[in-house]
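At the far end of the sequence shown sits residue 54, using our numbering, and the numbering has no gaps.
C-beta: ideal position from N, C-alpha, C; glycine also.
Every value quoted in this text rests on a predicted model; they were computed, and no experiment measured them.
Here is the structure we will look at.
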Amino acid sequence: MNIKCILCNAEDGVCLVLSDCQSFHCKECGEGFDLDDVETRIKELRKMVCVANAAKTAAEKE
Ligand SMILES: [Zn+2]
-7 MNIKCILCNA EDGVCLVLSD CQSFHCKECG EGFDLDDVET RIKELRKMVC VANAAKTAAE
53 KE
């Protein structure tokens, strides 16, 4: 399973921390993040997709 680091975007530096099974550690940037951080990031991305789709729809109407 390949998880992209949400902090530095490294594609194969991320490991699940097995002691709690809900946080991740990135070997590339040396930082860690947990499921809440991932959820926050997903919400941000979703918002971006909504904004982009709305802009695209608006542009197509013209
Ligand atoms: Zn990283």
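Between residue i and the rest of its own chain, which residues show a CB-CB distance below 7 Å, the 5 nearest in sequence each way excluded?
| i | result |
| --- | --- |
| I(-5) | V6, F16 |
For residue i, which of the options has the nearest alpha-carbon?
| i | options | result |
| --- | --- | --- |
| E23 | C13, V9, T32, E31 | V9 |
| E20 | A44, K39, A2 | A2 |
CA-CA distance, residue i and residue j?
| i | j | result |
| --- | --- | --- |
| C13 | F25 | 12 Å |
| E54 | A46 | 13 Å |
Residues in the same chain with beta-carbon distance under 8 Å from residue i, minus the five sequence neighbours each way, listed in chain order, please.
| i | result |
| --- | --- |
| I(-2) | F25, D29, V30, R33 |
| D4 | N(-6) |
| E52 | none |
Identify, in the order they occur along the chain, each residue of the same chain with its Cβ nearer than 6 Å to the Cβ of residue i, setting aside the five sequence neighbours on each side.
| i | result |
| --- | --- |
| L27 | Q14 |
| V41 | none |
Hey, is residue i close to ligand 1, as in C-beta under 8 Å from one of its heavy atoms?
| i | result |
| --- | --- |
| N(-6) | no |
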